[in-house]
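**Q**
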Amino acid sequence: MNYGGPVSISAYGDTNLIPHPVQQALSSTGVGLHHVPAGVKDASDKKILVDMLLWAVDNPAPANFMLISVDRDFSNALHQLSMRRYTILLAQPPRASAPLVAAAKNVWPSIWWSSY
0 MNYGGPVSIS AYGDTNLIPH PVQQALSSTG VGLHHVPAGV KDASDKKILV
50 DMLLWAVDNP APANFMLISV DRDFSNALHQ LSMRRYTILL AQPPRASAPL
100 VAAAKNVWPS IWWSSY
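Quick note: the sequence shown, position 49, residue 48 per numbering that gives the first Met the number 0, numbers continuous.
Here you go:
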């Protein structure tokens with residue numbers, strides 16, 4: 000595995016639940032925080048899907064895309080990116096869906112999770 004090039008990291012969720020010093024620390028390292036209000040059905044999924052596709056427009060293949068998620072809703076988008084010569088990398092939490100895992104070229108099970 001030889002993955003290189005520029006890296007961008009985006010995190011999605013209700014930023015109101017993250018203490019301000021933690022938000023500042025994440026932002027200072029280059030992590031893009033995207034506020035998605037809690038309680039809005041599928042809001043984070045929709046935001047992530049739109050951002051994934053916009054990323055693909057800005058980063059022509061071949062390029063690497065890593066997703067950390069258990070949500071099967073992303074499997075079709077990942078498959079479509081894979082079919083367009085993007086390398087899909089999945090850091091797999093213990094409960095990742097089978098279609099999501101199938102869309103990835105490489106999967107890292109339990110990369111950070113001791114319990115989830």
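Beta carbons are placed, not taken as given, at the ideal position from N, Cα and C, and that holds for glycine.
Determine the burial state of alanine 102: buried for a count of at least 16 other Cβ atoms within 10 Å of its Cβ, exposed for fewer.
**A** buried
**Q** What residue ranges within the segment 67-106 form continuous alpha helix (DSSP H) runs of no fewer than 4 residues, ordered along the chain?
**A** 74-82, 97-101
**Q** When every heavy atom of the ligand NAP is checked, does at least one fall within less than 8 Å of the C-beta of histidine 34?
**A** For the ligand NAP, the structure offers nothing, since it holds no ligand at all.
**Q** Take lysine 122 and list the residues in its own chain whose beta-carbon comes closer than 8 Å to its own, dropping the five residues that flank it on each side.
**A** Summary: the structure shown does not reach residue 122, with the chain confined to residues 0 through 115, and so no result is reported for it.
**Q** Can you give me the Cβ contacts of alanine 62 inside the same chain, cut-off strictly under 6 Å, excluding the 5 residues immediately before and after it?
**A** The answer, listed in chain order, is Tyr85.
**Q** Enumerate in chain order the residues of its own chain whose CB-to-CB distance from leucine 52 is below 6 Å, with the five nearest sequence positions on each side excluded.
**A** Apart from sequence neighbours up to five positions away, no residue of its chain approaches leucine 52 with a beta-carbon distance below 6 Å.
**Q** Could you pull out every unbroken beta strand (DSSP E) segment of at least 3 residues lying fully inside the segment 12-41, listed in chain order?
**A** Taking only runs of at least 3 residues, the beta strand (DSSP E) segments lying wholly in the segment 12-41 are 30-34.
**Q** Buried or exposed, going by whether 16 or more other CB atoms sit within 10 Å of the CB of asparagine 15?
**A** Label assigned to asparagine 15: exposed.
**Q** In whole angstroms, what is the alpha-carbon distance linking proline 18 and alanine 55?
**A** 31 Å
**Q** If we ignore side chains and look at the alpha-carbon of each, how far apart do proline 5 and arginine 83 end up?
**A** 20 Å
**Q** For leucine 48, I'd like the list of residues in its chain whose CB is within less than 8 Å of its CB, leaving aside the five on either flank, ordered along the chain.
**A** Asp72, Phe73, Ala76
**Q** Only counting the same chain, and skipping five residues up and downstream in sequence, which positions put a Cβ closer than 8 Å to that of glutamine 22?
**A** Short of 8 Å from the beta carbon of glutamine 22, and not among the five residues preceding or following it, lie these beta carbons of its own chain, in chain order: Thr14, Leu32.
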